[in-house]
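Read in order, the letters of the sequence shown correspond to residues 1 to 117 in the UniProt record's numbering. Cβ atoms here follow ideal geometry from the backbone N, Cα and C, with glycine treated the same way. As the structure is a computational prediction, the values presented were derived from the model and not from experiment. Right, one structure below, let's go through it.
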Amino acid sequence: GLKHENFTRCDACLKGNFRGRRYKCLICYDYDLCATCYESGATTTRHTTDHPMQCILTRVDFDLYYGGEAFSVEQPQSFTCPYCGKMGYTETSLQEHVTSEHAETSTEVVRSFRIGF
1 GLKHENFTRC DACLKGNFRG RRYKCLICYD YDLCATCYES GATTTRHTTD HPMQCILTRV
61 DFDLYYGGEA FSVEQPQSFT CPYCGKMGYT ETSLQEHVTS EHAETSTEVV RSFRIGF
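Right, here's the structure in full:
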């Protein structure tokens, strides 16, 4: 969605600077959803529910989820499986999950995953 310094707008409900989890599409340019719209399966003509989404916590909620502990990385990456909706994967574990659990529906992902090794 529309971004300024620390400002995000949900591209489905247009709510600005929302709290909680933000879902950023890894395929569509500058497409963000709030948790409510993501969980209800919001789509557009360009964005569909089978696009992989990255879950990003807002700063306030990051402190709540992780107890304010200092992390060496700026923010942990959390990916959601586009096939079954399970959350909390790293980029590597998402590839492994898709390869083992959704091999029949993800030949392209599997092919590129195997070539990479």
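Outcome for residue i when other beta-carbon atoms lying within 10 angstroms are tallied against a minimum of 16
i	result
Cys81	buried
Thr44	exposed
Asp30	exposed
Ser72	Because the pLDDT of Ser72 is 44, which lies under 50, any placement of that residue in the model is unreliable, and the number read from its coordinates should be weighed accordingly. When all chains shown are included, Ser72 counts as exposed.
Span separating the alpha-carbon of residue i from that of residue j
i	j	result
Tyr23	Thr8	11 Å
residue 120	Met53	Coverage of the chain is limited to positions 1 through 117, which leaves residue 120 absent and any answer about it impossible.
His51	Arg19	23 Å
Asp42	Leu26	It should be pointed out that residue 42 corresponds to Ala in this sequence rather than to Asp. In a straight line, the C-alpha of Ala42 is about 15 Å away from that of Leu26.
Leu94	Thr49	16 Å
His102	His47	21 Å
Ala12	Leu57	18 Å
Arg21	Cys37	11 Å
Tyr83	Ser40	15 Å
Glu96	Thr90	10 Å
Val109	Thr92	Here the model assigns Val109 a pLDDT of 43, short of 50, so the residue's position is not dependable, and the following value carries that caveat. Taking the straight line from one Cα to the other gives about 12 Å.
Val98	Glu104	10 Å
Expected contact under 8 Å - CB spacing of residue i and residue j to nearest Å
i	j	result
Cys10	Cys34	4 Å
Gly85	Ser78	13 Å between Cβ atoms; not a contact.
Endpoints, the alpha helix (DSSP H) within which residue i is located
i	result
Tyr38	Ala35 to Glu39
The beta strand (DSSP E) enclosing residue i, as first and last residue numbers
i	result
Leu94	From DSSP, Leu94 is part of no beta strand (DSSP E) but of the alpha helix (DSSP H) over Glu91 to Glu101.
Met53	Met53 to Leu57
Phe18	Counting along the chain, Phe18 falls outside any beta strand (DSSP E), and DSSP gives it neither H nor E.
Phe79	Ser78 to Thr80
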